[in-house]
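Numbering (our numbering), first residue to last: 3 to 269. This report concerns only the one structure given below.
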Amino acid sequence: MLEDSRELSTFAQLVTQYRLRRGISQGQLAQATRLSRTYVYHLETGQRANPSPQVVQNIARVLELSTEDRLYFFEAYRQQTGQFVDVDQLESTLLDLGDLAHLLVHNTSYPAHSLDHLWFLHSWNKAAIYLFETQEMLETHEHIHLLGLVFDPEMRKRFHGWENLARRLVGDFLYNTRTLTHLAEYKALIKTLREYPEYRRIASSVYARSKPAPSFVFQIQHSELGRLTLRTATTVFTNLSTYSMVSYVPGDQQTLDIYRNHGWQPG
Numbered sequence: 003m004l005e006d007s008r009e010l011s012t013f014a015q016l017v018t019q020y021r022l023r024r025g026i027s028q029g030q031l032a033q034a035t036r037l038s039r040t041y042v043y044h045l046e047t048g049q050r051a052n053p054s055p056q057v058v059q060n061i062a063r064v065l066e067l068s069t070e071d072r073l074y075f076f077e078a079y080r081q082q083t084g085q086f087v088d089v090d091q092l093e094s095t096l097l098d099l100g101d102l103a104h105l106l107v108h109n110t111s112y113p114a115h116s117l118d119h120l121w122f123l124h125s126w127n128k129a130a131i132y133l134f135e136t137q138e139m140l141e142t143h144e145h146i147h148l149l150g151l152v153f154d155p156e157m158r159k160r161f162h163g164w165e166n167l168a169r170r171l172v173g174d175f176l177y178n179t180r181t182l183t184h185l186a187e188y189k190a191l192i193k194t195l196r197e198y199p200e201y202r203r204i205a206s207s208v209y210a211r212s213k214p215a216p217s218f219v220f221q222i223q224h225s226e227l228g229r230l231t232l233r234t235a236t237t238v239f240t241n242l243s244t245y246s247m248v249s250y251v252p253g254d255q256q257t258l259d260i261y262r263n264h265g266w267q268p269g
């Protein structure tokens with residue numbers, strides 16, 4: 003007979019609480035942490051009272067716990083097992099991944115921004131804000147989605163060959179988020195995007211069957227710089243799947259000259 007939930011350790015209860023808050027099943031947590039579903043079930047029901055520090059560290063990473071929640075989670079683990087998470091592992095885990103993405107973007111010479119796992123724009127450097135003329139939008143919107151920006155009626159006028167760009171991005175987005183469709187925040191995002199008629203039209207005809215190419219070329223029209231040809235360069239960091247960084251490098255000689263004039267290239 004299973005233990006009554008009131009008798010479960012704080013650690014066991016936290017595994018369930020944080021998993022449900024993340025909106026994933028026991029099987030999905032097991033898959034993401036490379037554990038068996040039975041193992042996760044036993045953790046949550048208190049039948050496995052002594053997991054390794056590495057397992058606890060991995061669960062905290064997959065559930066994307068905040069610094070405060072990690073500390074609480076690790077302390078509950080210590081109280082249950084008498085074990086500590088390795089100091090070096092703890093320090094690396096407690097580094098806020100959003101802050102790390104911000105630092106990487108702002109230490110890049112090229113115009114760049116970071117994206118979270120659902121493609122919300124997380125941080126921009128000054129060069130990217132100027133290049134895409136998004137200062138006003140950033141001042142009035144707390145959370146901007148990359149597709150929301152591209153499908154915005156005013157912003158889309160700035161993209162040459164908008165249809166091809168939009169189809170490319172929607173296809174890549176659907177492929178890259180195909181394992182996140184169970185999340186409540188994903189469902190809310192799709193509902194918002196479907197308010198754009200053009201998104202509904204394109205999403206209904208795009209099939210995301212293959213892994214996106216790491217780079218592609220498109221053109222924008224800048225109010226001061228004129229037309230620029232840009233090539234994307236996406237960086238996905240090992241063990242940092244929550245965020246990626248997109249840099250924009252020159253796609254032709256004219257754009258390269260503009261970049262040089264603004265210092266948007268490595269020294």
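Ideal placement from N, C-alpha and C gives every residue a C-beta, glycine not left out. It should be emphasised that the depicted structure is a prediction, and the values quoted were computed from it without experimental measurement.
Legend entry - Secondary structure of Ile131, DSSP reduced to three states: DSSP places Ile131 in helix when its eight states are reduced to three.
Legend entry - Three-way DSSP call (helix, strand, coil) for Gly265 in this model: Here Gly265 sits in coil by DSSP.
Inset, instruction - Output the distance between the C-alpha atoms of Leu65 and Arg158, rounded to the nearest integer angstrom. - result: Computed Cα separation, rounded: 35 angstroms.
Inset, instruction - Would you tell me roughly how many angstroms separate the C-alpha atoms of Tyr261 and His224, rounded to the nearest one? - result: Counting only the Cα atoms, His224 lies some 13 angstroms from Tyr261.
Legend entry - is_contact[Ile222, chain D] using C-beta, thresh 9 angstroms: In the structure shown, chain D cannot be found, because there is only a single protein chain.
Inset, instruction - Determine the extent of the alpha helix (DSSP H) in which Asp174 is found, giving its start and end residues. - result: Its alpha helix (DSSP H) spans residues Trp164 to Asn178.
Legend entry - Close Cβ partners of His162 (< 6 angstroms) along its chain, the five nearest in sequence each way excluded: Leaving aside the five residues that flank His162 on each side, the residues in its chain whose CB is nearer than 6 angstroms to its CB run, in chain order, Gln221.
Inset, instruction - Compute the distance between the beta-carbons of Thr234 and Tyr250, then report whether it is under 9 angstroms. - result: Yes, the pair counts as a contact, with Cβ atoms nearer than the cut-off.
Inset, instruction - Kindly list the residues whose CB is nearer than 8 angstroms to the CB of Ser38, restricted to its own chain and excluding five residues on each side of it in sequence; keep chain order. - result: In the same chain as Ser38, and ignoring 5 residues on each side of it, the C-beta atoms closer than 8 angstroms to its own belong to Ala32, in chain order.
Inset, instruction - Tell me whether Leu65 sits in a helix, a strand or coil according to DSSP, three-state version. - result: In the three-state reduction of the DSSP assignment, Leu65 falls in the coil class.
Legend entry - Best match in Val107, Glu70, Thr69 and Leu167 for proximity to Trp266 [C-alpha to C-alpha]: Check the Cα spacing between Trp266 and each of Val107, Glu70, Thr69 and Leu167: the tightest is with Val107.
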